[in-house]
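Residue numbers (my numbering): 324 to 587.
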Amino acid sequence: MPGKIIPTPENCTDPTAFEALSYTRNFIVFMDKIFARNSLDDAGFTVISSVHYSRSYPNAFWNGSQTAFGDGDGLIFKGMTNADDFVGHELAHGLTQYTAKLKYEGEAGALNESISDIFGSMARQWKRRWTAETADWVIGSDMMGTVAIQNNWLCLRSLKDPMAISSLSKQAMHYRDYNPDGWPHDNSGISNHAFFLAAQALGGYSWESYGRVWYGAMTGTEIHPLTTFKEFASITLDEARRLFPSARHVEQHLKGAWQAVGVI
C-alpha cells in the first residue's frame, strides 16, 4: 500500500475507485458541514484509500494512516466500497484516533467500533436526508452478496436490532449480555442501540441532536483511552445538558436510552 496512484479518481473508469472517492468525500463533507471539522484530524488531513486490497478480501480497515478496501469474496460480500455507511465506518476509526483515542480493547474497544457505526450511519442518513424515523439504521446493506441474501443476511450489523436474524454479525444489545472476552464488534451493539433508541424517541435528524452530543463527547476533556460504557454514558448526558440547556427532553430521552440497554 498505498498502491498505484490514481491522479484523478473522479474521472476514473474503475467503479471501485470512484465509489471510494465519492463516499469518502461525502463523509468528509458531512463532518465539515455538521461539525465544522476539517477532515479527520481537523487540520486538513489528506485521506488516502487503497482499493482492490489483497485478493477477494472480504473486509476493509483503517491502519492508522489510511483506509483499505477489499473486493469481497463475491458470495457473502460484494465490493467493500459498495456501502457508503461501511466506508464511513472505516473513516470514523480515523476520527476516533484523532479525538477520543479509544484503545481497541474491552469496553473502550466496543465504544470505538460503535462510534464508527454511528458516524457511518449518520453520514448515510445526512446524504439522503433521512430522519430518525425513516433511516434504515443498518450497516453494509449495499455490499451483501448473493449467498448472504439467500441466507437472509441483509446487512452486516443493525443499530435498531443488534440481534436481528437479518444481520450477519449478531451483537449484544443490553449490558447484561456484554462479553468481556468478546471482540469489540461483539459488544458495540450496546451503545449502538442506545444511540438508536435516543434518536427514535426524539425524532428528526440524528446528526442535529445526538450526533452533536456524541461528537462533543469524543472531542471533550472527559473521555480517555479506556473509557467504559458507564463513563461514556455520563459524558454524553453532560454533553446533552451543555448543548441543549433549554431542551431537557434531549437529556431525558438519552438517559432513558442508556437505562434501556442496562448501562445506567
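Quick reminder that beta carbons are idealized off the backbone N, C-alpha and C, glycines included.
For S464, the CB contacts under 7 Å within the same chain, skipping 5 residues up- and downstream, are A406, L477, C478 in chain order. For M496, the secondary structure class from DSSP, reduced to helix, strand or coil, is coil. For I328, the secondary structure class from DSSP, reduced to helix, strand or coil, is coil. According to DSSP, residue pairing for I462 in a beta bridge involves R480. One Cα belongs to Y533, the other to Y421, and the distance between them is close to 20 Å. The Cβ atoms of M541 and A423 sit closer than 8 Å to each other. Judged by DSSP in its simplified three-state form, T390 adopts strand. Between L566 and P325, the alpha-carbon positions lie close to 40 Å from each other. Here W385 is near H416, since their CB atoms are less than 8 Å apart. Inter-segment contact for the region 511-528 and the region 569-585 is present: three or more beta-carbon pairs are separated by less than 8 Å.
Around the beta-carbon of E456, fewer than 16 other beta-carbon atoms lie within 10 Å, marking it exposed.
G402 sits close to G395, with the two beta carbons spaced by under 8 Å.
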